[in-house]
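Presented below is the structure to which this report refers.
Number of protein chains: 2
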Amino acid sequence: MSFEFRSMENYDVLLSYFKHIKGAPLEAAEMQEITSYFGKRSYKKKTLLMRAGEANTKHYYIEKGLLRLYIIDQSGKEFNILFASERQWIGDLGTPAETPYYIETVEDSIVYSIAEEDFNVLYKRYIKLAQYIRKSYVFLQKRFVSILSKTAEENYEELVADHPGLIQRLPQYQISSYLGVTPVFLSKILAKRAKKD
Amino acid sequence: MSFEFRSMENYDVLLSYFKHIKGAPLEAAEMQEITSYFGKRSYKKKTLLMRAGEANTKHYYIEKGLLRLYIIDQSGKEFNILFASERQWIGDLGTPAETPYYIETVEDSIVYSIAEEDFNVLYKRYIKLAQYIRKSYVFLQKRFVSILSKTAEENYEELVADHPGLIQRLPQYQISSYLGVTPVFLSKILAKRAKKD
DNA sequence: CGAAAAAAATAAACTAGTTTAATAAATACA
DNA sequence: TGTATTTATTAAACTAGTTTATTTTTTTCG
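Protein sequence lines correspond, in order, to chains P and Z. Count along the first sequence from 1, then add 56; that gives the number in my numbering. Count along the second sequence from 1, then add 56; that gives the number in my numbering.
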C-alpha cells in the first residue's frame, strides 16, 4: 500500500527521459517545472484512457505496461494503429481537434499524462521532443508501406522479427487487428506456419 | 529565356512561406540567411529527384508542379505514398538514414531544396516548421486507417471528395497505386461508378 | 478449485482484389 | 499530321482474405 503510494509520487522515469532528451542533467527548478505539467496514474488492464469524440486529448508517456491506440470503423470493427509500452509516448497528435481514436490499456499500466498546451511549451524548450513526432512518422510510414505492399503472412513475420516481445504480450486477436486481418485468418497463417517445424 | 532566369533567382514563394510560419515580416538579414540554405531548380515531368539507396536526402518545398513519393517493392511494383504540390513539402523524414523511397516529378515543377542539417537549423529557429511534420503524421495516420479499414471504392470516393484537384492532375494508374490497388481494379470501380449516372 | 467467459482453431461458402492477356483509346512527338 | 507509345478497358480464371458457424482451448475470477 505505502509502496504503491510512493510509486505514484515518484517521477524518476519521466525525469530520466527529459534528462536524456536534454542531453544534460536537469536543474532542480527544471525538474519542478516538468513534473508540474504531468499527472501520474496507474490503470488496470482494459481501461479506456481516451475515446473517439473527445477534444483536447492528452499525451501519455508510459512508465510501465502496454497500451494500444485504435479506431472503430462504421461496422464496429476495431483496428489497432499502434502499441506503446515502457518509455514510449502514445496519444493523438491531431489534438486539440476532436479525436477519432481510442486508447486502452492492454496490461495494468502506469502512465504520465500531459495536456496539449503544456506539451507545446516543453516542445519549444526541448527541441528533441519533436524527434518523437518525427520518429513516429517514420515508423508509421514504414508500417503503412508494409501493410500496403506485403501479404498478411509477410507482415506477421516482420512483426515477429522486429518486435518479438510484443507477440508474447498480446492476445492473438490484437495482433490480427494490428496486421489488418481477421482473427480467423491470422489463425490460419499460424497453423500453416506451425507445420513448417 | 530571360524571364525564366529571373524566376530562378526569385525566392518570393519560399520567403512568403517563412513569413507565414514566423507570423511576422522577415528582416533583410533573415531573408538572406533563409535563401542561402536553399537551392532552387526546375525539373521537367518524370524526373527523379531522389532514389532508394541514397543517404542524406534533401527536403523539397514546391513552388509549382506536382511530385510523388513512392516505393518499389520486391516484385518491382510501385506504391505511391504521397503526392505534394504547390506550397507543400515532400521528402523522406527518415533522412539522414538511407532512404527506401523515390521522389519523381509528375508534372514540370519548380522546387526549393534544403539539406537535412540546414533544415534542422531552421527547425529550431522556426518552431512552427515542426508543425509540418506533425501535420504530415496526422495526414498519414488518417490515410493509413482508410486503407486498412475501407474498400478501394470507398477510398476512391474519399479521394474525390477531399482532393478533387488531384484526380484531374494524375493519370489513373498513379491514383490506383496511391489507393493500393491495381489499375485494372480501379478501372472496374470507375466503370461501375459511371453506370450510376 | 470449478464454472463461466473469453480466445483460438477449424471448416466451408463467399467476395474484394489480382493476374494475364487481348483490345481500344488517348497522348506524345518526329 | 500520322505513327508509335503510353494509358485505360474488358474479360476470365484465380487467390488472399472474409464471414458465419461450430468446437476446442485457455483464461478469469467468485
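We put the beta carbon where it would ideally sit given N, CA and C, even for glycine. Given the structure is predicted, the values throughout are model-derived calculations rather than measurements.
Please report the straight-line C-alpha distance between residue i and residue j, rounded to a whole angstrom.
{"i": "GLN144/P", "j": "LEU70/P", "result": "11 Å"}
{"i": "GLY95/P", "j": "ILE159/Z", "result": "43 Å"}
{"i": "SER232/P", "j": "PRO81/P", "result": "42 Å"}
{"i": "TYR116/Z", "j": "SER98/Z", "result": "12 Å"}
{"i": "ARG181/P", "j": "ASN176/Z", "result": "15 Å"}
{"i": "ALA153/P", "j": "LYS244/Z", "result": "37 Å"}
{"i": "LYS101/P", "j": "SER205/Z", "result": "26 Å"}
{"i": "ALA84/Z", "j": "ILE128/P", "result": "51 Å"}
{"i": "LYS184/P", "j": "LYS251/P", "result": "47 Å"}
{"i": "GLN228/Z", "j": "GLU110/Z", "result": "29 Å"}
{"i": "GLY236/Z", "j": "GLU213/P", "result": "21 Å"}
{"i": "PHE139/Z", "j": "GLU86/P", "result": "42 Å"}
{"i": "PRO220/P", "j": "LYS78/Z", "result": "44 Å"}
{"i": "GLN187/Z", "j": "ALA247/P", "result": "45 Å"}
{"i": "ALA108/P", "j": "THR155/P", "result": "5 Å"}
{"i": "SER202/P", "j": "LYS133/Z", "result": "13 Å"}
{"i": "ASP174/Z", "j": "ASP218/Z", "result": "33 Å"}
{"i": "GLN88/P", "j": "LYS191/P", "result": "27 Å"}
{"i": "PRO239/Z", "j": "GLU210/Z", "result": "16 Å"}
{"i": "GLN130/P", "j": "LYS198/P", "result": "26 Å"}
{"i": "SER72/P", "j": "SER72/Z", "result": "40 Å"}
Considering only residues of the same chain and omitting the five flanking positions on each side of residue i, which have a CB-CB separation below 8 Å?
{"i": "ILE223/P", "result": "LEU215, VAL216, ILE231"}
{"i": "ALA208/Z", "result": "LEU235, GLY236, VAL237, PHE241, LEU242, ILE245"}
{"i": "SER58/P", "result": "Its pLDDT being 42, under 50, SER58/P is placed unreliably in this model, and the value from its coordinates should be taken loosely. So the list is empty, once near-sequence residues are dropped."}
Can you name, in chain order, every residue of its own chain whose Cβ lies under 7 Å from the Cβ of residue i, other than the five neighbours on each side?
{"i": "LYS75/P", "result": "PRO81, LEU82"}
{"i": "LYS114/P", "result": "GLY147, SER169, ILE170, ALA171"}
{"i": "LYS120/Z", "result": "GLU142, SER165, ILE166"}
{"i": "THR151/P", "result": "ASN112, THR113, GLU172"}
{"i": "ILE189/Z", "result": "LEU149"}
{"i": "ARG249/P", "result": "none"}
Which residues in the same chain as residue i place their Cβ atom closer than 6 Å to its Cβ, once the five residues preceding and following it in sequence are excluded?
{"i": "GLU60/Z", "result": "Here GLU60/Z scores only 49 on pLDDT, less than 50, and its place in the model should not be relied on; the value that follows carries that caveat. Excluding sequence neighbours, GLU60/Z sits near nothing in its chain."}
{"i": "LEU122/P", "result": "SER141, VAL162, GLU163, ARG225"}
{"i": "VAL167/Z", "result": "TYR116, ILE118"}
{"i": "MET64/Z", "result": "LYS96"}
{"i": "LEU105/Z", "result": "ILE159"}
{"i": "ILE90/Z", "result": "PHE74"}
{"i": "PRO103/Z", "result": "According to the sequence shown, residue 103/Z is Thr rather than Pro. The residues are THR161."}
Throw me the rounded Cβ distance for the residue i and residue j pair, which I believe falls under 8 Å.
{"i": "PHE200/P", "j": "LEU196/Z", "result": "6 Å"}
{"i": "TYR234/Z", "j": "ASN136/Z", "result": "4 Å"}
{"i": "TYR157/P", "j": "LEU125/P", "result": "5 Å"}
{"i": "TYR179/Z", "j": "TYR193/P", "result": "About 14 Å separates the two Cβ atoms, so there is no contact after all."}
- Item | Proximal residues, the region 191–224 of chain P versus chain Z, C-beta separation under 7 Å | Against chain Z - using a Cβ distance shorter than 7 Å - the residues of the region 191–224 of chain P are SER192, TYR193, VAL194, LEU196, GLN197, PHE200, VAL201, ILE203, LEU204, SER205.
- Pick out the complete alpha helix (DSSP H) segments inside the region 191–238 of chain P, 4 residues or longer, and give them in chain order. List check, alpha helix (DSSP H) in window: 208–218, 220–225, 228–235.
- Members of the region 150–184 of chain Z that neighbour chain P once the beta carbon cut-off is set at 7 Å: Along the region 150–184 of chain Z, going in chain order, the ones with a CB nearer than 7 Å to a CB of chain P are GLY150, LYS180, ILE183.
- Query: Between the region 72–86 of chain Z and chain P, which residues of the former have CB atoms less than 9 Å from a CB of the latter, in chain order?
  - Reply: Cβ contacts with chain P: none found.
- Item | Every unbroken alpha helix (DSSP H) within the region 61–113 of chain Z, with a cutoff of 4 residues, ordered by chain | Runs of the alpha helix (DSSP H) lying entirely within the region 61–113 of chain Z and spanning at least 4 residues, in chain order: 68–78, 84–93.
- Item | Short-range partners of chain P found in the region 129–140 of chain Z, where Cβ spacing is below 8 Å | Taking a C-beta cut-off of 8 Å against chain P, the contacting residues of the region 129–140 of chain Z are ASP129, LYS133, PHE135, ILE137, listed in chain order.
- Relative to chain Z, which residues along the region 236–251 of chain P have a C-beta separation below 8 Å, given in chain order? Contact annotation: in the region 236–251 of chain P, residues whose CB is within less than 8 Å of a CB in chain Z are GLY236.
- Query: If contact means a Cβ-Cβ distance below 7 Å, which residues of the region 111–127 of chain Z contact chain P?
  - Reply: Per Cβ criterion, the list reads ILE127.
- Pick out the complete beta strand (DSSP E) segments inside the region 125–193 of chain Z, 3 residues or longer, and give them in chain order. Given a length threshold of 3 residues, each whole run of the beta strand (DSSP E) inside the region 125–193 of chain Z is given here in chain order: 134–141, 158–161, 165–170.
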